[in-house]
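Asks: No gaps in the numbering here: position 67 of the sequence shown is 49 in the numbering used here, and each next residue is one more.
Backbone N, C-alpha and C define an ideal beta-carbon position, used for all residues, glycine too.
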Amino acid sequence: MIKEFVVFKLEGECYGIDIHFVENIEKVMDITRVPFSKPYVSGVVNLRGNVIPIVDLRTRFCLEKKPHSDDTRIIIVNISELKIGMIVDSSSEVLQLDDQDIDDAPSIKSNHGEDFVTKIGKNNGRIVMLVDLIRILAVEDIIEEK
-17 MIKEFVVFKL
-7 EGECYGIDIH
3 FVENIEKVMD
13 ITRVPFSKPY
23 VSGVVNLRGN
33 VIPIVDLRTR
43 FCLEKKPHSD
53 DTRIIIVNIS
63 ELKIGMIVDS
73 SSEVLQLDDQ
83 DIDDAPSIKS
93 NHGEDFVTKI
103 GKNNGRIVML
113 VDLIRILAVE
123 DIIEEK
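1) In or out: residue 17 buried (at least 16 other Cβ within 10 Å) or exposed?
2) How would you label residue -16, buried or exposed, when you count the other beta carbons within 10 angstroms and need 16 or more for buried?
3) Work out the CA separation of residue 22 and residue 99 for me, nearest whole Å.
4) May I ask you to report which of helix, strand or coil DSSP gives residue 30?
5) Could you name the residues of the same chain whose beta carbon sits closer than 8 Å to that of residue -8, not counting the 5 residues immediately before and after it, in chain order?
6) Could you tell me whether any Cβ in chain D is nearer than 8 Å to the Cβ of residue 60?
7) By Cβ distance below 6 Å, which residues in the same chain neighbour residue 80 in space, the five residues on each side in sequence not counted?
8) Per DSSP, residue -3 is paired with what?
9) Taking all protein chains shown into account, decide if residue 108 is buried (16 or more other Cβ within 10 angstroms of its Cβ) or exposed.
10) List the endpoints of the continuous alpha helix (DSSP H) containing residue 100.
11) Note down, in chain order, each residue of its chain lying with its Cβ closer than 6 Å to the Cβ of residue 94, except the 5 sequence neighbours on either side.
12) Return the chain-ordered list of same chain residues with a C-beta closer than 8 Å to the C-beta of residue 76, the five sequence neighbours on each side being excluded.
13) Please list the terminal residues of the continuous alpha helix (DSSP H) segment that includes residue 55.
14) Please say whether residue 4 and residue 14 have beta carbons closer to each other than 8 Å?
15) Between which residues of its own chain and residue 60 is the CB-CB distance below 7 Å, once the five residues before and five after are set aside?
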């Protein structure tokens, strides 16, 4: 069975998210900070009348902050009827992978206890880490706060 993933880059590494969660991909816009939010939440944006929380994936993945560039994008996803934006270094590809090209990710324990990568996609010698949006975006925390 063929599955489609939106591929994005962080620090030169390729990550993929199931295309069914992706609503659209936007250029970076003005983000309004929200006091006392989690460190990885950059703030909120007003996107066509909808207020969308924005998660900085560089911060979430414990990567060094860097200024936004012309390639920086916000990927708007919809999970459990919540719209959330994710800032990534770039995103410009939809990748099709067959089930046989997707393996379970090796269990590698990190200091942060976060297992964001659940599967590994292989495509023409390239590795694409397939991520768990629920864990990355801490959707459980957001749902509990509502």
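Replies: So, from the listed chains and residues:
1) Taking the first residue of the sequence shown as position 1, residue 17 is located at position 35. Flag for residue 17 reads exposed.
2) Taking the first residue of the sequence shown as 1, we reach residue -16 at position 2. Label assigned to residue -16: exposed.
3) In the sequence shown, residue 99 corresponds to position 117, counting from 1. In the sequence shown, residue 22 corresponds to position 40, counting from 1. Each residue's Cα considered, the two are about 18 Å apart.
4) In the sequence shown, residue 30 corresponds to position 48, counting from 1. If DSSP states are grouped into helix, strand and coil, residue 30 belongs with coil.
5) Your numbering for residue -8 matches position 10 in the sequence shown. Correct list, in chain order: 39, 40, 43, 45, 70 and 71.
6) Absent here is chain D; the protein component of the structure consists of one chain.
7) For the purposes of this step, residue 80 is taken as the residue at position 98 of the sequence shown. Leaving aside the five residues that flank residue 80 on each side, the residues in its chain whose CB is nearer than 6 Å to its CB run, in chain order, -16.
8) By 1-based counting over the sequence shown, the position of residue -3 is 15. Bridge partners of residue -3: -10 and 111.
9) Position 126 of the sequence shown, counted from the start, is the residue given in the question as residue 108. Exposed, by the Cβ-count rule.
10) Start at 1 with the first residue of the sequence shown, and residue 100 comes out as number 118. That residue, residue 100, is in no alpha helix (DSSP H); its beta strand (DSSP E) goes 99 to 105.
11) Working through the sequence shown from its first residue, we reach residue 94 at position 112. Only weak support exists for where residue 94 lies, its pLDDT of 49 falling under 50; the value from the coordinates is given anyway. Apart from sequence neighbours up to five positions away, no residue of its chain approaches residue 94 with a beta-carbon distance below 6 Å.
12) Along the sequence shown, one-based indexing puts residue 76 at 94. Cβ neighbours of residue 76 beyond the five flanking positions: -14, -13, -12, -11 and 1.
13) Counting from 1 along the sequence shown, the entry for residue 55 is found at position 73. For residue 55, there is no enclosing alpha helix (DSSP H); the enclosing beta strand (DSSP E) has its first and last residue at 55 to 61.
14) Sequence index remark: in the sequence shown, residue 14 carries index 32 (1-based). Sequence index remark: in the sequence shown, residue 4 carries index 22 (1-based). In terms of Cβ geometry, residue 14 and residue 4 do not form a close pair [threshold 8 Å].
15) Residue 60 sits at position 78 when you count from the first residue of the sequence shown. Only 3 and 5 meet the Cβ criterion.
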